Every structure is written in structure tokens, then in C-alpha cells.
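Report on the structure given below.
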Amino acid sequence: MAISSIDIALQVRRNFIELMDNMTIGELNTIPSGFNNNIAWNFGHIVVSQQKLCYTLSGLPIKLDEQYMLKYQKGSKPEKFIDQDEIDYLKEQAYTLIDELLGDLEASIFHNFNPTKLHFGLELKGIEDAINYFQNHDALHLGFATAIKRAIIGEKQKLSANA
């Protein structure tokens, strides 16, 4: 059996959460020099983006409170400290929303997908395209989070070397 885009999305989310679980809440909120966001924001962004790509583009109601959509949508940035309760909620939603997506796919609710062209020229024509895209998008943001973690570690090593 071939690996599905959903399998990939779940694994990327497991890897993202593992990366986060090995960091402090302060580190998750750190924006290193040269970056414009932090690991906590990147994680919230992937959770929100899946909802926008699959549900909003299909004309369906999102399954997250609108406050999260606004806080983590494309073009936003961390405006304040993201606390542990919110991070824990987003971790739970990272899996729950995939489970709900699977149920909604089985129920065939994605009838009115609004084709959309992404900023780099790719066009999403249906729910399958949205799913294939969001799992790649998740992996991209895991890569950003990994780079941010390395920058944080590098900054800490510089500080300790200068102490």
C-alpha cells in the first residue's frame, strides 16, 4: 500500500511536536536574529493552514475558533507570548483536525472547492490538491522550525562562550 498524503501529514506533525517537546516554552517563543517568527507560531500556522486550504476553500465552516485563524494566518506574525496551554491545544488539534478531515472525506462533503492559485503559481483545483499541498506546506514549516531551533542553540552557545 502506498503512503498517502495524510500519512505524510501525520508524520510531519509528529516530528514537529517531537521537536517542540524538547524545547522550553521560552525557546518556542524566541525569534532569533534573522527570523520574523518563532517555532510556536510556525506550528499554529500549519494547523490553521490545513483548515483554510481544505475547509475555507471548499466553502465549509472551519473547525477552529476564528481567533486562531487570525493569529496564525498567512501574513501574520507572533504578536505576544504563546503560552503552554495554547501550544497544548494546538498539538491536540494537529491530530484531531486530521481525523475530522478523514471523516469528512469519507462523508464526501467537499463538493464546492473554489480553485485557487497560490502565490508561486501552483493552482489547487480540488480537495485532493489541497491535501497534497498542505502536507508539503507542513513539512516546509517544520524545516523553518528546525532552522529556528538551530539558531537558538547557536545563540546560546555564543552566550555561554562569552560568559
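Here our numbering is used: the first residue of the sequence shown is 62, the next is one more, and so on.
Think of the CB as a built atom: it goes at the ideal place given N, C-alpha and C, for glycine as much as any other residue.
This structure is a prediction, so every number in the text was calculated from the model and none was measured.
- In the three-state DSSP reduction, residue 88 falls in the helix class (H, G or I).
- Here residue 198 is buried. Its C-beta has 16 or more other C-beta atoms within 10 Å.
- By the beta-carbon neighbour count (other beta carbons within 10 angstroms, threshold 16), residue 105 is buried.
- Looking at 138, 131, 99, 217, the one whose alpha-carbon comes closest to that of residue 80 is 99.
- Scanning 217, 116, 200, 76 for the CA closest to the CA of residue 173 turns up 116.
- Distances from the alpha-carbon of residue 139 to those of 149, 103, 181 put 103 closest.
- Here the C-alpha atom of residue 223 lies approximately 18 Å from the C-alpha atom of residue 93.
- Around the beta carbon of residue 85, fewer than 16 other beta carbons lie within 10 angstroms, which makes this residue exposed.
- A contact is defined here as three or more CB-CB pairs under 8 Å, and the region 119-131 fails this definition with respect to the region 67-75.
- Comparing alpha-carbon positions, the option among 78, 119, 171, 65 lying closest to residue 204 turns out to be 78.
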